[in-house]
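Each residue of the sequence shown is one higher than the last, beginning at 1 in my numbering. We treat Cβ as the ideally placed atom computed from N, Cα and C, and that holds for glycine. Everything numeric in this text was worked out from a predicted model, so none of it was measured.
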Amino acid sequence: MTTRLVRLVFIVALASYALSVTSPSQASQLTIEGCIPFHQASTEDVTALDWGQNGLIAVGYSSGKLNIVDSDGTRLNTFTTPSYISAVKWENTSSHPLLAVAVSEGNIWIVDIMGTLPAFSFRDTNVAGDVSDITWHPTTRQLAVALQLGVSAVLNPVDIWDIDTQRMTVLFRDYEIETSVAWHPRDPDVIAVGFIDGRAELWQLSNKTMLYRVKPTIPDDIVHTLAWSPDGTQLAIGYDFSLRVLSYPTFQDTLSYTVSEVIDEIAWYRDNHRIAILVSQGIEVIDASNGSQLYSETIPGFMRGVAWSPDGKHIIYGGDRTGFRGEFRIFDAPPLSATATPSYAP
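Written out as structure tokens, the structure is:
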């Protein structure tokens with residue numbers, strides 16, 4: 001398969017590819033205490049976010065704007081991408097991690113916040129579609145990209161990109177849309193993939209074969225998101241109105257947790273117990289070992305993006321313009337031993 005890798009250097013980028021930097025003196029400050037709005041963006045929706053092990057927060061917007069924010073609330077950089085940002089993911093294996101940013105029409109930007117590597121973008125030129133999800137290899141600079149073409153009778157690919165060699169291979173193609181991808185944190189030869197028809201599959205990279213298929217327990221359920229526990233012993237799958245946790249590699253059901261709205265995103269903390277569940281208009285935090293609810297909050301508007309701080313003390317989530325004013329918010333993460341009190345006040 002032929003691919004094209006287009007290098008874009010931000011300092012010479014044209015028009016919509018411009019990079020602007022906000023100095024710390026101009027940036028707003030955040031004191032993390034309870035649930036505090038930090039960024040007002042009344043004309044934009046927060047569409048994706050991630051909190052890296054480097055302490056930096058990446059927030060993407062519907063306009064294509066990307067903010068890089070320090071953990072103390074200092075806005076460090078603002079990037080302008082061509083269009084809607086559907087996903088942002090930090091690569092957490094190197095001393096200064098790269099950031100992968102998925103924008104519309106299948107384009108992926110790779111950004112080195114430290115500035116030692118010129119930023120560049122790439123896409124699979126053999127297909128024309130948007131990115132459903134992205135996931136980093138646990139130890140190397142490889143990125144798995146799930147593309148949704150939005151056309152019936154057309155195969156949707158999961159591509160594997162090597163960032164250092166700038167080469168791409170296709171893991172597999174499927175007639176159904178892949179909604180989410182998650183690289184196993186301890187076994188780099190295994191990737192989990194969720195589908196719009198309710199399937200969740202495990203694929204082996206070395207020989208490009210499917211290892212296991214998880215079928216939905218409810219007909220016509222959709223896999224909206226999936227995520228591995230940090231130790232790789234559990235796989236959480238977010239369906240329309242339920243969260244399912246399975247053991248790995250035995251694939252025994254260990255938890256079924258019902259929610260009142262469609263699950264948009266889930267995020268494990270590294271204690272392998274707590275899971276943050278983002279639904280259409282709210283957020284919950286549960287203990288995956290017993291299904292107990294640690295936190296629950298209903299929020300106006302539609303939610304987009306959830307992540308834990310590296311130390312597990314805080315959780316960040318974002319929202320759209322309807323009732324939530326396009327903000328992202330940080331609140332104190334609940335401990336396993338107590339139920340946290342919601343701190344949001346409309």
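Exercise for the section: Could you check the C-alpha separation between Thr80 and Val103 for me, to the nearest Å? Expected result: On the sequence shown, residue 80 is found 80 positions in, with the first residue counted as 1. On the sequence shown, residue 103 is found 103 positions in, with the first residue counted as 1. Answer to the nearest angstrom: the Cα atoms are 11 Å apart.
Handout entry: Within the stretch 193 to 267, ranges of the beta strand (DSSP E) (whole runs, at least 3 residues)
Key = Listed in chain order, they are 200 to 204, 209 to 214, 225 to 228, 234 to 238, 242 to 247, 253 to 258.
Practice task
Kindly indicate which residue of Pro219, Pro138, Ile299 has the alpha-carbon position closest to the one of Phe328.
Solution key: As a position in the sequence shown, residue 328 is number 328, starting the count at 1. Measuring C-alpha to C-alpha distances from Phe328 to each of Pro219, Pro138, Ile299 identifies Ile299 as the nearest.
Problem - Cβ neighbours of Asp253 in the same chain (closer than 7 Å, five flanking residues each side left out) - result: Residue 253 sits at position 253 when you count from the first residue of the sequence shown. Excluding its 5 nearest sequence neighbours in each direction, Asp253 has C-beta neighbours in its own chain below 7 Å: Arg244, Leu246, listed in chain order.
Problem - Cβ contact check for the stretch 203 to 214 and the stretch 161 to 168: 3 or more pairs under 8 Å - result: No, the stretch 203 to 214 is not in contact with the stretch 161 to 168.
Handout entry: Distance CB(Trp136)-CB(Ala100) smaller than 8 Å
Key = Counting from one through the sequence shown, the residue named residue 136 turns up at place 136. Counting from one through the sequence shown, the residue named residue 100 turns up at place 100. Yes, these two residues count as a Cβ contact at 8 Å.
Exercise for the section: Determine, using beta carbons only, whether Trp51 and Ile316 come nearer to each other than 8 Å. Expected result: Position 51 of the sequence shown holds residue 51. Position 316 of the sequence shown holds residue 316. Going by C-beta atoms, Trp51 is nearer than 8 Å to Ile316.
Handout entry: Exposure of Asn67, with buried meaning 16 or more beta-carbon neighbours within 10 Å
Key = Position 67 of the sequence shown, counted from the start, is the residue given in the question as residue 67. Classification of Asn67: buried, given that the 10 Å Cβ count is 16 or more.
Handout entry: Asn54 versus Ser71 - alpha carbon distance
Key = Numbered from 1 along the sequence shown, position 54 holds the residue referred to as residue 54. Numbered from 1 along the sequence shown, position 71 holds the residue referred to as residue 71. Approximately 9 Å between the Cα atoms of the pair.
Exercise for the section: For Asn77, count neighbouring Cβ atoms within 10 angstroms of its own Cβ and tell me buried if that reaches 16, exposed if not. Expected result: On the sequence shown, position 77 is the one that residue 77 refers to. Classified as buried, Asn77 has 16 or more neighbouring CB atoms from the shown chains inside 10 Å of its CB.
Handout entry: Segment contact, 8 Å Cβ cut-off, at least three pairs: the stretch 131 to 145 with the stretch 177 to 193
Key = Yes, the stretch 131 to 145 is in contact with the stretch 177 to 193.
Handout entry: Cβ neighbours of Thr169 in the same chain (closer than 6 Å, five flanking residues each side left out)
Key = Mapped onto the sequence shown, residue 169 falls at position 169. The beta carbon of Thr169 sits closer than 6 Å to the beta carbons of Ile160 from its chain, once the five residues preceding and following it are set aside; these are given in chain order.
Handout entry: Straight-line gap, Gly305 to Ser180 (C-alpha atoms, nearest Å)
Key = For this step, residue 305 is matched to residue 305 along the sequence shown. For this step, residue 180 is matched to residue 180 along the sequence shown. So the alpha carbons of these two residues sit roughly 14 Å apart.
Problem - DSSP state of Ala336 mapped onto helix, strand, coil - result: As a working mapping, residue 336 is identified with position 336 in the sequence shown. The sequence given here places Leu at residue 336; Ala does not occur at that position. Here DSSP, grouped into helix, strand and coil, assigns Leu336 to coil.
Practice task
Find out if the Cβ-Cβ distance for the pair Phe302, Asp287 is shorter than 8 Å.
Solution key: Here residue 302 refers to the residue found at position 302 when the sequence shown is read from its first residue. Here residue 287 refers to the residue found at position 287 when the sequence shown is read from its first residue. Not closer than 8 Å, so no.
Exercise for the section: Return the CA-CA distance between Leu171 and Asn156, expressed in angstroms with no decimal places. Expected result: Translated into positions along the sequence shown, residue 171 becomes position 171. Translated into positions along the sequence shown, residue 156 becomes position 156. C-alpha separation (whole angstroms): 11 Å.
Practice task
Please check the pair Tyr257 and Gly232, which I expect to be a contact at CB under 8 Å, by giving their CB distance rounded to whole angstroms.
Solution key: On the sequence shown, residue 257 is found 257 positions in, with the first residue counted as 1. On the sequence shown, residue 232 is found 232 positions in, with the first residue counted as 1. Taking a contact as a CB-CB distance under 8 Å, the pair Tyr257 and Gly232 does not count as one, their CB atoms being some 20 Å apart.
Practice task
Could you tell me if Pro219 is buried or exposed, where buried requires 16 or more neighbouring beta carbons within 10 angstroms of its beta carbon?
Solution key: Start at 1 with the first residue of the sequence shown, and residue 219 comes out as number 219. That one is exposed.
Problem - Ile315 - partner residues in DSSP beta bridges - result: Here residue 315 corresponds to residue number 315 of the sequence shown, with the count starting at 1. DSSP output for Ile315 lists Trp308, Phe331 as bridge partner(s).
Exercise for the section: Have a look at Val154 and Tyr175 and give me their C-alpha separation to the nearest angstrom. Expected result: Your numbering for residue 154 matches position 154 in the sequence shown. Your numbering for residue 175 matches position 175 in the sequence shown. A direct Cα-to-Cα measurement between Val154 and Tyr175 gives close to 6 Å.
Problem - Start-to-end residues for the beta strand (DSSP E) that takes in Thr169 - result: Your numbering for residue 169 matches position 169 in the sequence shown. First-last of the beta strand (DSSP E) with Thr169: 167 to 174.
Exercise for the section: Give the straight-line distance between the Cα atoms of Leu211 and Thr250, rounded to the nearest whole angstrom. Expected result: For this step, residue 211 is matched to residue 211 along the sequence shown. For this step, residue 250 is matched to residue 250 along the sequence shown. Between the alpha carbons of Leu211 and Thr250 lies a distance of about 12 Å.
Practice task
To the nearest angstrom, report how far apart Ser95 and Ser229 are at their CA atoms.
Solution key: For the purposes of this step, residue 95 is taken as residue 95 along the sequence shown, with counting starting at 1. For the purposes of this step, residue 229 is taken as residue 229 along the sequence shown, with counting starting at 1. If you draw a straight line from the Cα of Ser95 to the Cα of Ser229, it comes to about 23 Å.
Problem - Anticipated Cβ contact below 8 Å, Tyr239 with Val223, distance rounded - result: Taking the first residue of the sequence shown as position 1, residue 239 is located at position 239. Taking the first residue of the sequence shown as position 1, residue 223 is located at position 223. Rounded to the nearest angstrom, the Cβ distance from Tyr239 to Val223 is 6 Å, consistent with a contact under 8 Å.
Handout entry: Selection from Leu98, Gly282, Ser289 that minimises the alpha carbon distance to Asn272
Key = The sequence position of residue 272 within the sequence shown is 272, counting from 1. For Asn272, the nearest C-alpha among the options comes from Ser289.
Exercise for the section: Can you tell me which of the three DSSP states Pro138 falls into? Expected result: In the sequence shown, counting from the first residue as 1, residue 138 sits at position 138. Three-state DSSP puts Pro138 in coil, outside helix and strand.
Exercise for the section: Classify Ser309 as buried or exposed, calling it buried when 16 or more other Cβ atoms lie within 10 Å of its own Cβ. Expected result: Position 309 of the sequence shown, counted from the first residue, corresponds to residue 309. Buried is the label assigned to Ser309, since at least 16 other Cβ atoms lie within 10 Å of its Cβ.
Exercise for the section: Counting only the same chain and skipping the five closest in sequence on each side, list residues whose C-beta sits under 8 Å from that of Leu336. Expected result: Walking along the sequence shown from the start, residue 336 turns up at place 336. A distance below 8 Å between beta-carbons, with the five flanking residues on each side excluded, links Leu336 to the following residues of its chain, in chain order: Asp271, His273, Arg274, Asp287, Leu294.
Problem - Residue burial classification, Ser260 (beta-carbon count within 10 angstroms, cutoff 16) - result: Residue numbering aside, residue 260 sits at position 260 when the sequence shown is read from its first letter. Under a 10 Å Cβ-count criterion, Ser260 is classified as exposed, with fewer than 16 other Cβ atoms of the shown protein chains found around its own Cβ.
Practice task
Kindly indicate which residue of Tyr269, Glu297, Trp268 has the alpha-carbon position closest to the one of Val279.
Solution key: Residue 279 sits at position 279 when you count from the first residue of the sequence shown. Nearest to Val279 by alpha-carbon distance, out of Tyr269, Glu297, Trp268, is Glu297.
Problem - CA-to-CA distance, Lys313 to Arg123, given in whole angstroms - result: For the purposes of this step, residue 123 is taken as residue 123 along the sequence shown, with counting starting at 1. For the purposes of this step, residue 313 is taken as residue 313 along the sequence shown, with counting starting at 1. About 36 Å.
Problem - Of the listed residues Val127, Val158, Ile110, Thr125, nearest to Tyr119 (C-alpha basis) - result: On the sequence shown, residue 119 is found 119 positions in, with the first residue counted as 1. Going by the sequence as given, residue 119 is Ala instead of Tyr. Ranking the options by Cα distance to Ala119, first place goes to Ile110.
Exercise for the section: Measure from the alpha carbon of Thr47 to the alpha carbon of each residue in Ile277, Glu265, Val262, Ser62, then state which is nearest. Expected result: Here residue 47 refers to the residue found at position 47 of the sequence shown. Comparing Cα-Cα distances from Thr47 to each of Ile277, Glu265, Val262, Ser62, the minimum goes to Ser62.
Exercise for the section: Just tell me which of Val145, Val190, Asp189 has its CA closest to the CA of Arg173. Expected result: As a position in the sequence shown, residue 173 is number 173, starting the count at 1. Ranking Val145, Val190, Asp189 by Cα distance to Arg173 puts Val145 first.
Handout entry: Gly73 versus Ile283, Ile85, Val59, residue with shortest Cα-Cα distance
Key = The residue you call residue 73 lines up with position 73 of the sequence shown. Among Ile283, Ile85, Val59, the Cα nearest to that of Gly73 belongs to Val59.
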